[in-house]
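Visitor: Residue numbers (the working numbering): 2 to 145. A virtual CB, placed ideally from N, CA and C, is assigned to each residue, including glycine. Quick caveat, the model's predicted, so the values are computed rather than measured. For reference, the structure I am asking about is given below.
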């Protein structure tokens, strides 16, 4: 009898202090896992872009560029979904306080574009209080 469990599941946790190294290493690991789980080019692009935005925000805004602070990334990928959590060591923030980058008065302000991109490409984007942990989820559309 066939099992309901996914054929393959990738789970990994990383701890990083350096931004460039973490993004490059994560991109390679996640790209390989997405390929192994059968995700296409468009899905892989969306997930990798959202992950990069999450990491940049964690290092730049959460940890305020402080190299003594770490960023924790937890990732689970299977053929049905991708769940990634990124946590920084900052105080957190209220995502509702970030100005809408598409509003006319904010067009010149770069703030909020990463959050907007993540929301556009991922199935769900959730900031866990106090706002220093982000959970992004990509659910694959199930074909009949």
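(1) So, with DSSP's three-state summary, where would you put residue 9?
(2) Taking Cβ positions, are residue 54 and residue 119 nearer each other than 7 Å?
(3) Helix, strand or coil for residue 55 per DSSP?
(4) Using only the alpha-carbon positions, how far apart do residue 62 and residue 12 sit?
(5) Please report the residue range of the alpha helix (DSSP H) in which residue 122 lies.
(6) Would you list the one or two residues that DSSP bridges to residue 126?
Guide: Looking at the atomic coordinates:
(1) Coil, per DSSP.
(2) Result yes, Cβ atoms of residue 54 and residue 119 sit closer than 7 Å.
(3) Correct three-state label for residue 55: helix.
(4) Note on geometry: alpha-carbon atoms of residue 62 and residue 12 lie some 26 Å from one another.
(5) Segment 114-122, the alpha helix (DSSP H) holding residue 122.
(6) Among the bridge pairs identified by DSSP, residue 126 is matched with 137.
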